[in-house]
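Trainee: Chains as they are written, first to last, in numbering that gives the first Met the number 0: chain A, 0 to 343; chain B, 0 to 343; chain C, 0 to 343; chain D, 0 to 343. The beta-carbon is built from N, C-alpha and C at its ideal position, and this holds for glycine as well. Computed from a predicted structure; not experimentally measured.
Number of protein chains: 4
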Amino acid sequence: MPTLRIAVVGASGYSGEELVRLVSRHPELQLTAITSRSSAGRPVGSVIPGLPASLEKLTFADIAPADLAGHADAFFLALPHGVAAEYAVPLRKAGKVVIDLSADFRLKSPEIYKEFYGHDHPAPELLKESVYALPELHRDAIKKTDLVACPGCYPTSILLALAPALKNGLIDPGSIVINSLSGVSGAGKKADVSLLFAELNESMKAYSVPKHRHLSEIEQELSLLAAQNVVVTFIPHLVPLTRGMITTISAKVTRSLADKEVESLYAKYYADEPFVALKTDGTLPEVKRVVRSNLIEIATRLDARTGRLLLFSAIDNLGKGAAAQAVQALNVRFGFEETMGLGA
Amino acid sequence: MPTLRIAVVGASGYSGEELVRLVSRHPELQLTAITSRSSAGRPVGSVIPGLPASLEKLTFADIAPADLAGHADAFFLALPHGVAAEYAVPLRKAGKVVIDLSADFRLKSPEIYKEFYGHDHPAPELLKESVYALPELHRDAIKKTDLVACPGCYPTSILLALAPALKNGLIDPGSIVINSLSGVSGAGKKADVSLLFAELNESMKAYSVPKHRHLSEIEQELSLLAAQNVVVTFIPHLVPLTRGMITTISAKVTRSLADKEVESLYAKYYADEPFVALKTDGTLPEVKRVVRSNLIEIATRLDARTGRLLLFSAIDNLGKGAAAQAVQALNVRFGFEETMGLGA
Amino acid sequence: MPTLRIAVVGASGYSGEELVRLVSRHPELQLTAITSRSSAGRPVGSVIPGLPASLEKLTFADIAPADLAGHADAFFLALPHGVAAEYAVPLRKAGKVVIDLSADFRLKSPEIYKEFYGHDHPAPELLKESVYALPELHRDAIKKTDLVACPGCYPTSILLALAPALKNGLIDPGSIVINSLSGVSGAGKKADVSLLFAELNESMKAYSVPKHRHLSEIEQELSLLAAQNVVVTFIPHLVPLTRGMITTISAKVTRSLADKEVESLYAKYYADEPFVALKTDGTLPEVKRVVRSNLIEIATRLDARTGRLLLFSAIDNLGKGAAAQAVQALNVRFGFEETMGLGA
Amino acid sequence: MPTLRIAVVGASGYSGEELVRLVSRHPELQLTAITSRSSAGRPVGSVIPGLPASLEKLTFADIAPADLAGHADAFFLALPHGVAAEYAVPLRKAGKVVIDLSADFRLKSPEIYKEFYGHDHPAPELLKESVYALPELHRDAIKKTDLVACPGCYPTSILLALAPALKNGLIDPGSIVINSLSGVSGAGKKADVSLLFAELNESMKAYSVPKHRHLSEIEQELSLLAAQNVVVTFIPHLVPLTRGMITTISAKVTRSLADKEVESLYAKYYADEPFVALKTDGTLPEVKRVVRSNLIEIATRLDARTGRLLLFSAIDNLGKGAAAQAVQALNVRFGFEETMGLGA
């Protein structure tokens, strides 16, 4: 019998939809509120496919931030940055656990927030208690926080690929170059001509260079891993598929290395991680093997000709990159089996 | 009235098809032979869409290399590497002009050919006369050769993006990292399960790292441009669209630079090039603007935070990356207007 | 040297874009005005890919209907229905030739217009002079009108498939059932969540049954062909590709027929039509052979088991279904070679 | 604890893959053999994404038909027609339960099998015991058979849409016209140029008219439903998505009807069916709501203008059209909860 009442706030976007699907299948969770300003009053099943019949007839609610606390024990916020804080403040005041998928509580520094997001941080007083909720890096801290700040999709695919290399001092942090390819659901469900099928299909491009907003959290976490200030080049691309993300990283090695040695260090680093799949069978990470899961595939290759280590990862931007990882973080926070409801 | 008789050898592959389409619209060219072993005897129009009615009823011929020379004045070879040389040797003996789209005559060194292609070069004696036919780099040499070796799609998208930066000494050649994204027609028309719609759709991946075959010609030409030996990291990706290629390059700058200065140097370098479109309007290169054309879009961006220059290009892998560029090279070789038949 | 000055009104939608591309390649046409309310002031080349360099730097104008007449000799209206009439009225008053791609002047009956479009006809006085501009059916009338009403995409694919069967009395008009599949560019370039890539990709559905607006013109023209009142079942579907339309029709035969006899009657009916490609090689019409052209592929099959004639057609909904057919109609109206600028 | 040992024979095709995924999640089933001739010896996880870690390291076996019986209690055959019978015969001799996804045991008449499949039936003696396993039509018979013949994807989408109308005498069986649209996984995982991404993407077509093989089982079952011999027109189409099927049917009504009356009869007919979702909210069946499920969406619309009833259905061709429906049939046969392991 479910033990935890859950609200999904902003449930009609792509991450919100996926959260509703995942929560509905999680044995310890009970969906007690599904809110959406734009879809208020509509049956949930008419917007979100793949729900159990019991949920389909529920309607989206439009509940003001101040009135929300009583509706659940834990709250997933699948809202735009800036808006999430409006909900997090009263919910935290009411002592509720907030699992935020926006960028509002990922950065420790309100100054860097302002630099990258263009406006003052809406609730800087909450930054002290928030935890950057990449479970593979900050599992213990997640267990103790009530403000769980889920990483962005790009950062997830990048940080998990780089962590073992940086922690083991294999690469020069100043030489890191990151290229990522994202499916279009990552751009959200916005009525915008640039996101139309006929605009994106059979095309692709790089965008938001050289300073995509996710750089701020990427560099914050890389700096922690490397124990020094890290600045990287990051180039995101938009490609014509709905879900999926590939990240490819190169960096100069700091010493002579063999492929097997790198693989062995990665295997050791991720030995107990249920959602990290290290590819050592000669294939490289591929979207179709991770889509609709919480998996991240990671592979490493030495480029002996140039003295660079190449790192590859694949995730589902809505899975490990958003909703599934948020459920993983909730599992960690509430002491459930970490894989519960995530099909691994 | 057409003045030059043309054969397309290997016309049922994707590059061959595109060549047939382009030649059929070129006012100075007359298609006198269309060969294909696998489609021999079938009407050309049943395999290649978009042809003028006059060509649709022609059938593919299967003509042995030794018997081919009489059928045309100039010969496009759209054949696998290794096979192309079998045709080039007798055609050159007969004094014919060969425009080869395979990798057989792109490299100056038979040793590097063997290193990258895994077998001895099939006709090393022809390497002295062949010209690496990127018109923007080797226009004058193309005019004088009878063995025109058209560049690969990846190299085209890479070399034209890097040439002005290297020639002007803006970047450190040892720091070049290249990521490319290719549509699946680049993998050819092979009955291979890995190329099925249901295998590639809604997926993507990096492949052929760290030593894709195209690296050999990329480094040969970059070394010429930089006047020093250049070794680079190159990571190709397969993405789910039929036609198109995006290349993204980063390299350390050698001195303090401003965006406008770089744009101005690129503008000067490509001032007279009809097929190079420099994007200085704030957008980055995009496949949909170059597909089914001989255009390459190029943009530059300084990443001041990391001291890197970012270079972006977009081409159609079957257009500027293969068939259209081959027609451009033919125009150069035979003294036609360089844009003739190429819609620019 | 171009002889006719052309305006494309509403040039930033998908049909408008395609018209600009086609007009720019037509040897007798000169683009003197490109208007768009939503893109006014932007360079044409930033919105429409694939234009000659000479056009790319032009900017979209926003010209009021009353001020437009002086800007060109002939005017393509690529506007929503209802809006087109606002432009057509003053242009016709000024004696200009109007080639309208909207539904405003396709129907002879203002009552049926109101039934299907939900409001009074905006300019019923012009219906007397307008001609339903399917050249294969009304070529002579097109030559004499100054108000050319181009058919919709569905009607084009349906009427040309049915015309020979109805004219020859091969089928019972009361038994006609039509299924059509349209690429998503047919839904237009609207900022609507339902048209996003992530909503349409990997999905499909029927829609607008049982009374899609195009039924009105389909039945008007079928009734003329059959010389009796014809009512049909028409079911459109939305499928995940950008451009292309497949129509499949079945109807009871009125007498015993053989496949060859039907093919021969179709061949005779379309003997002189440059854009009708009858498939008699065993294949059925296919989008990839007609996309980006003004072709319509048509095939016929008898279903002896059920006594039905099956009819198949393929067009590009933006080509023969919209912009290219509009240029064909202009060629007819102004006495140019009918294939001029249309690559056939 | 799982109670039934399961073999999936032919597990590397698309239906076989999906079966492995579904069986691995079913609480009462234990996978004891996964066979594939083409992938024999390879790890299952390298071919089939999305498996539990416990299964990924298993390898595909290649077990001869005669040696298979000991490996499991029940056997899913995901094999080409003709081949399935080679396995079914010895398995049935050994007293095992066979759940066949091929066409080999769907038809009651070996003569009709020969007419549609072009060769003698390979095991006509087994036709007496086999049951056409559409649970919504033949649930009781499935419970009692050891040779479960799962319907094809087209027939599933067609028969469930038509059954209530035929059973209630709403339509004239002689007037039925069926159009279906299938995603390309329905064509199987064959190394065939016609199935390449670059061949199918951005195209579509009708095919296999007028006598697709599935017509044989469609008409067999429609005749049973109508209690008279039924012959129909059926036109399948191939469209560019991986998974999904839309069927659209029209037929003359036999009497005056209202939309609500038809909906009410359908609701009554399918009142207890867990996998039939009747759409009465104004929308029509849509692939994205049924993909990766065992659901069929069905909607009805009267076309008052033509006196036809329009029927619409959507399934996943690999779900309700193949693997998921096979698991549903197994659940029925072995007395498990019918929705077990199927996520409804």
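Output the boundary residues of the alpha helix (DSSP H) element that contains P89 (chain A).
Mentor: Start at 1 with the first residue of the first sequence, and residue 89 (chain A) comes out as number 90. 82-92 is the span of the alpha helix (DSSP H), which, as asked, contains P89 (chain A).
Trainee: Please compile the residues from chain D whose C-beta is within a distance smaller than 7 Å of the C-beta of G356 (chain A).
Mentor: Since the first residue shown for chain A is 0 and the last is 343, residue 356 (chain A) is missing from the structure and cannot be characterised.
Trainee: Roughly how far, in whole angstroms, is the beta-carbon of T247 (chain B) from the beta-carbon of F335 (chain B), given that I think they are within contact range, below 8 Å?
Mentor: Against the second sequence, residue 247 (chain B) aligns to sequence position 248. Against the second sequence, residue 335 (chain B) aligns to sequence position 336. Their Cβ separation, rounded to whole angstroms, is 34 Å, which puts T247 (chain B) and F335 (chain B) out of contact at 8 Å.
Trainee: Determine, for H372 (chain D), whether the minimum Cβ-Cβ distance to residues of chain C falls below 8 Å.
Mentor: Chain D is shown only over 0 to 343; residue 372 (chain D) falls outside these bounds and no answer can be derived.
Trainee: What first and last residue would you give for the alpha helix (DSSP H) that runs through K345 (chain A)?
Mentor: Residue 345 (chain A) is absent from the structure shown; chain A starts at 0 and stops at 343.
Trainee: Taking any Cβ of chain D, which residues in the stretch 176-204 of chain B have a Cβ under 7 Å from it, in chain order?
Mentor: Under the 7 Å Cβ criterion, the stretch 176-204 of chain B contributes V183, S184, K188, A190, D191, V192, L194, L195, F196, A197, L199, N200, E201.
Trainee: Kindly list the residues whose CB is nearer than 6 Å to the CB of P123 (chain A), restricted to its own chain and excluding five residues on each side of it in sequence; keep chain order.
Mentor: Reading the first sequence from its first residue, position 124 is the one you call residue 123 (chain A). Cβ neighbours of P123 (chain A) beyond the five flanking positions: P109.
Trainee: Where does the unbroken alpha helix (DSSP H) through E16 (chain B) begin, and where does it stop?
Mentor: Within the second sequence, the letter at position 17 stands for residue 16 (chain B). Unbroken alpha helix (DSSP H) run through E16 (chain B): 13-24.
Trainee: May I ask which residues mark the beginning and end of the beta strand (DSSP E) holding H236 (chain C)?
Mentor: For the purposes of this step, residue 236 (chain C) is identified with residue 237 of the third sequence, where counting begins at 1. Here the beta strand (DSSP E) through H236 (chain C) covers 232-237.
Trainee: Does the beta carbon of D258 (chain C) sit closer than 8 Å to a beta carbon anywhere in chain B?
Mentor: Within the third sequence, the letter at position 259 stands for residue 258 (chain C). No, D258 (chain C) does not count as interfacial toward chain B.
Trainee: Are the CB atoms of V43 (chain B) and F59 (chain B) nearer to each other than 8 Å?
Mentor: For the purposes of this step, residue 43 (chain B) is taken as residue 44 along the second sequence, with counting starting at 1. For the purposes of this step, residue 59 (chain B) is taken as residue 60 along the second sequence, with counting starting at 1. In this structure, F59 (chain B) lies closer than 8 Å to V43 (chain B) by Cβ.
Trainee: When you compare only the Cα positions, how much space is there between R332 (chain B) and A71 (chain B)?
Mentor: In the second sequence, residue 332 (chain B) corresponds to position 333, counting from 1. In the second sequence, residue 71 (chain B) corresponds to position 72, counting from 1. Approximately 16 Å between the Cα atoms of the pair.
Trainee: Would you call the stretch 261-275 of chain A and the stretch 236-246 of chain A in contact, with 3 or more CB pairs under 8 Å?
Mentor: The answer is no - the stretch 236-246 of chain A does not touch the stretch 261-275 of chain A, with fewer than three Cβ pairs under 8 Å.
Trainee: Tell me whether R307 (chain B) sits in a helix, a strand or coil according to DSSP, three-state version.
Mentor: Here residue 307 (chain B) corresponds to residue number 308 of the second sequence, with the count starting at 1. Looking at R307 (chain B) - three-state DSSP - the assignment turns out to be strand.
Trainee: Buried or exposed for A93 (chain B), please, with buried defined as at least 16 other CB atoms from any protein chain shown within 10 angstroms of its CB.
Mentor: For the purposes of this step, residue 93 (chain B) is identified with residue 94 of the second sequence, where counting begins at 1. So A93 (chain B) ends up on the exposed side.
Trainee: Out of B:L199, B:T241, B:N178, state which residue places its alpha-carbon closest to the alpha-carbon of G185 (chain B).
Mentor: Stepping through the second sequence from its first residue, residue 185 (chain B) is reached at position 186. If we check each option's Cα against that of G185 (chain B), B:T241 comes out closest.
Trainee: So which residues of chain C does Y13 (chain A) contact, with C-beta pairs closer than 7 Å?
Mentor: As a first step, residue 13 (chain A) must be located in the first sequence, where it is residue number 14. The contacting residues are A197.
Trainee: So G9 (chain D) and S35 (chain D) are in contact, right, with Cβ under 8 Å, and what is the actual spacing, rounded?
Mentor: Taking the fourth sequence and counting its residues from 1, the one referred to as residue 9 (chain D) is at position 10. Taking the fourth sequence and counting its residues from 1, the one referred to as residue 35 (chain D) is at position 36. Going by Cβ atoms, the distance from G9 (chain D) to S35 (chain D) rounds to 6 Å, so yes, they are a contact pair.
Trainee: Identify the contact partners of R288 (chain D) in chain A, using a Cβ-Cβ distance below 7 Å as the criterion.
Mentor: One-based indexing of the fourth sequence puts residue 288 (chain D) at position 289. Within 7 Å Cβ-Cβ: P48.
Trainee: Can you grab the Cα-Cα spacing for the pair L28 (chain C) / R41 (chain C), in whole Å?
Mentor: Within the third sequence, numbered from 1, the residue matching residue 28 (chain C) stands at position 29. Within the third sequence, numbered from 1, the residue matching residue 41 (chain C) stands at position 42. Cα to Cα, the separation comes out at about 23 Å.
Trainee: Please compile the residues from chain A whose C-beta is within a distance smaller than 8 Å of the C-beta of T241 (chain C).
Mentor: Counting from 1 along the third sequence, the entry for residue 241 (chain C) is found at position 242. Those within 8 Å of T241 (chain C) in chain A are F196, A197, N200, E201.
Trainee: Checking contacts by CB at 8 Å: is D271 (chain C) closer than that to chain B?
Mentor: The residue you call residue 271 (chain C) lines up with position 272 of the third sequence. Judged by the 8 Å Cβ criterion, D271 (chain C) is not in contact with chain B.
Trainee: Start and end of the beta strand (DSSP E) containing T34 (chain A)?
Mentor: What you label residue 34 (chain A) is simply residue 35 of the first sequence in a count that begins at 1. T34 (chain A) -> beta strand (DSSP E) spans 28-34.
Trainee: Does any residue of chain C have a CB that is nearer than 8 Å to the CB of F335 (chain D)?
Mentor: Residue numbering aside, residue 335 (chain D) sits at position 336 when the fourth sequence is read from its first letter. No, because no Cβ of chain C sits closer than 8 Å to the Cβ of F335 (chain D).
Trainee: Mapping DSSP to helix, strand and coil, what is D258 (chain D)?
Mentor: Counting from one through the fourth sequence, the residue named residue 258 (chain D) turns up at place 259. Residue state, collapsed to three classes: helix.
Trainee: Against chain C, does Y116 (chain D) count as a neighbour if the rule is that its beta carbon must be under 8 Å from one of theirs?
Mentor: Residue mapping note: residue 116 (chain D) aligns to position 117 of the fourth sequence, counting from 1. It does not; no Cβ of chain C falls within 8 Å.
Trainee: Can you give the beta carbon distance from V229 (chain D) to L221 (chain D), rounded, assuming they're within the 8 Å contact cut?
Mentor: Counting from 1 along the fourth sequence, the entry for residue 229 (chain D) is found at position 230. Counting from 1 along the fourth sequence, the entry for residue 221 (chain D) is found at position 222. With 8 Å as the limit, V229 (chain D) and L221 (chain D) qualify as a contact, their Cβ atoms being about 4 Å apart.
Trainee: Work out the CA separation of P235 (chain D) and H213 (chain D) for me, nearest whole Å.
Mentor: For the purposes of this step, residue 213 (chain D) is taken as residue 214 along the fourth sequence, with counting starting at 1. For the purposes of this step, residue 235 (chain D) is taken as residue 236 along the fourth sequence, with counting starting at 1. About 10 Å.
Trainee: Going by beta-carbon coordinates alone, are I98 (chain A) and F75 (chain A) separated by less than 8 Å?
Mentor: Taking the first residue of the first sequence as position 1, residue 98 (chain A) is located at position 99. Taking the first residue of the first sequence as position 1, residue 75 (chain A) is located at position 76. Yes, the pair counts as a contact, with Cβ atoms nearer than the cut-off.
Trainee: Taking K287 (chain A) and S202 (chain B) to be in contact with their CB atoms under 8 Å, please state how far apart those CB atoms are, rounded to whole angstroms.
Mentor: Against the first sequence, residue 287 (chain A) aligns to sequence position 288. Against the second sequence, residue 202 (chain B) aligns to sequence position 203. With a Cβ gap of about 4 Å, K287 (chain A) and S202 (chain B) count as contacting.
Trainee: Going by C-alpha to C-alpha distance, which of B:N316, B:V88, B:H137 sits closest to L223 (chain B)?
Mentor: Within the second sequence, residue 223 (chain B) is the residue found at index 224, counting from 1. Closest option to L223 (chain B), Cα to Cα, is B:H137.
Trainee: Would D280 (chain C) count as contacting chain B if we go by Cβ distances under 8 Å?
Mentor: As a position in the third sequence, residue 280 (chain C) is number 281, starting the count at 1. Taking Cβ atoms only, chain B reaches closer than 8 Å to D280 (chain C), which makes this a yes.
Trainee: In chain D, which residues lie with their C-beta within 7 Å of the C-beta of S45 (chain A)?
Mentor: By 1-based counting over the first sequence, the position of residue 45 (chain A) is 46. Under the 7 Å cutoff, chain D gives D280.
Trainee: Starting from N330 (chain C), trace the alpha helix (DSSP H) both ways and give me its first and last residue.
Mentor: Against the third sequence, residue 330 (chain C) aligns to sequence position 331. Here the alpha helix (DSSP H) through N330 (chain C) covers 323-333.
Trainee: How do the stretch 48-57 of chain C and the stretch 282-296 of chain B stand: do at least 3 beta-carbon pairs fall below 8 Å, yes or no?
Mentor: Flag = yes, the stretch 48-57 of chain C and the stretch 282-296 of chain B touch.
Trainee: Quick check: I295 (chain D) and Y265 (chain D), are their CB atoms within less than 8 Å of each other?
Mentor: Within the fourth sequence, numbered from 1, the residue matching residue 295 (chain D) stands at position 296. Within the fourth sequence, numbered from 1, the residue matching residue 265 (chain D) stands at position 266. Not in contact: I295 (chain D) and Y265 (chain D) (Cβ atoms no closer than 8 Å).
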